[in-house]
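Here's the structure, in structure tokens; my notes come after.
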Ligand SMILES: Cc1ncc(COP(=O)(O)O)c(C=O)c1O
């Protein structure tokens, strides 16, 4: 380990909360296209995009230009005033999803928090008891008190005392359980779900389950929220993952890739539902400031280009193809799943050692749900970089087999 890294690690321990567990032994200082460079100048192929955030890589000129322009003109005014960058970002979100209104915040958890508040307010208007929200086991919706309570994972709740009440956790992909609940419970105001449970191990929602849930929600007047924080902004090969399922959600929540690396979150809702958040009922100081909104505009404009979607399809087919070939030779691979460039490789062993080895060999990946290697490169990753990354992964997974 270089003395530079050693010092960084010591200072991290001294000055920062240690809530992230042991960080990977690297401090990235520069990015170029789909490559990252660390404190000592070592180069890595990036297959993670800062967890689906830097979706257009590190050399996307329109984003750099937008950031520079806002640094020179105005970074932030306040939501007390009109903001034309925010309006433009919202217009683009409407164009790419459905006609509605957007509320800008700073993160995925805040976008979900706003969605949960809106669902409650909408339900309670009709009946004081109608504030229950259904979420699904193994989901992840964030870490604030509301979105943590929506997250149906005990390990996320542990140690924080009583949760925000009113959440009902049901098994994912179990339409009978959902149907039984909404038939017996008249106080369900909304449902929040991911189309692909990202933190939960890249688990796809079943098409029949999703269409069944949506049909029942429509019948019962239950609001549907699709959490697109991880799956949105082109990640799965469509603008938003719900678009693979032929459904029409009432709300979607966005963050991560929306502004290419600049912190942002957004709740997008149909007009009649958005109207429930009446004047003064919710707000956010930084939400959608000029810097964040102009960055989102640069990303959203690029998203509309067919060349980007085509690249996602091409690289996705390449990665799935090579991983499926590898699966035939490696007993370590249990399953390969995902959509577009939101890919999980479930192993028969814990993935931490594989992630560490990859880093050593110059590839950035991550592991979710203990055994699932997560691959989320930039949507515009050049095929040459994708090839390089996959070669490294193949080598590691085959060597691991031989060592066994
Ligand atoms: C599906 C989903 N929702 C919400 C969140 C929380 O987003 P943030 O970390 O920006 O608050 C995440 C983060 O991983 C996520 O994957």
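In the working numbering, the protein residues as written are 95 to 498.
The beta-carbon is built from N, C-alpha and C at its ideal position, and this holds for glycine as well.
Values in this document were obtained by computation on a predicted structure and should not be read as measured data.
Check	Outcome
Cα-Cα separation between residue 461 and residue 446, rounded to whole angstroms	6 Å
Closest residue to residue 374 among 483, 361, 174 (Cα-Cα distance)	174
Ordered list of alpha helix (DSSP H) runs contained in the segment 287-328, each at least 4 residues	301-314
Paired residues, beta bridge with residue 258 - DSSP	According to DSSP, which records beta bridges pairwise, residue 258 is partnered with nothing at all.
Length of the line joining the Cα atoms of residue 207 and residue 239	8 Å
Beta-carbon contacts of residue 388 that lie in its chain and below 6 Å, excluding the five residues immediately before and after	160, 164, 179
Cβ neighbour criterion (16 or more within 10 Å) applied to residue 287	buried
Closer than 7 Å: residue 196 CB and nearest ligand 1 heavy atom	no
Classification of residue 390 by the beta-carbon crowding that lies within 10 angstroms, buried from 16 upward	buried
Of the residues 294, 209, 408, 259, the one placed nearest residue 465, counting alpha carbons only	294
C-beta contact flag for residue 183 and residue 382 at 8 Å	yes
heavy atom of ligand 1 below 7 Å from residue 235 C-beta	yes
Cα-Cα separation, residue 136 to residue 454	10 Å
The segment 346-366 in contact with the segment 197-206 per 3-pair CB rule at 8 Å	yes
Closer than 7 Å: residue 350 CB and nearest ligand 1 heavy atom	yes
Buried or exposed by the 16-neighbour rule on C-beta atoms within 10 Å, applied to residue 248	exposed
Option in 456, 193, 113, 276 with minimal Cα separation from residue 480	456
Boundaries of the alpha helix (DSSP H) in which residue 268 is found, first to last residue	Per DSSP, residue 268 belongs to no alpha helix (DSSP H) and is neither H nor E.
Contact set for residue 126: own chain, Cβ-Cβ below 6 Å, skip 5 residues either direction	152, 153
Inter-residue spacing [alpha-carbon to alpha-carbon] between residue 307 and residue 411	30 Å
Simplified DSSP assignment, three categories, for residue 211	helix
Near ligand 1: residue 403 beta-carbon under 7 Å from a heavy atom	no
For residue 239, the three-state DSSP class (helix, strand or coil)	helix
Where residue 142 sits in the DSSP three-state scheme	coil
Beta-bridge partners of residue 231, as assigned by DSSP	246
Any non-hydrogen atom of ligand 1 within 7 Å of residue 202 CB	yes
8 Å Cβ shell around residue 250 - same chain, five flanking residues per side excluded	234, 237, 242
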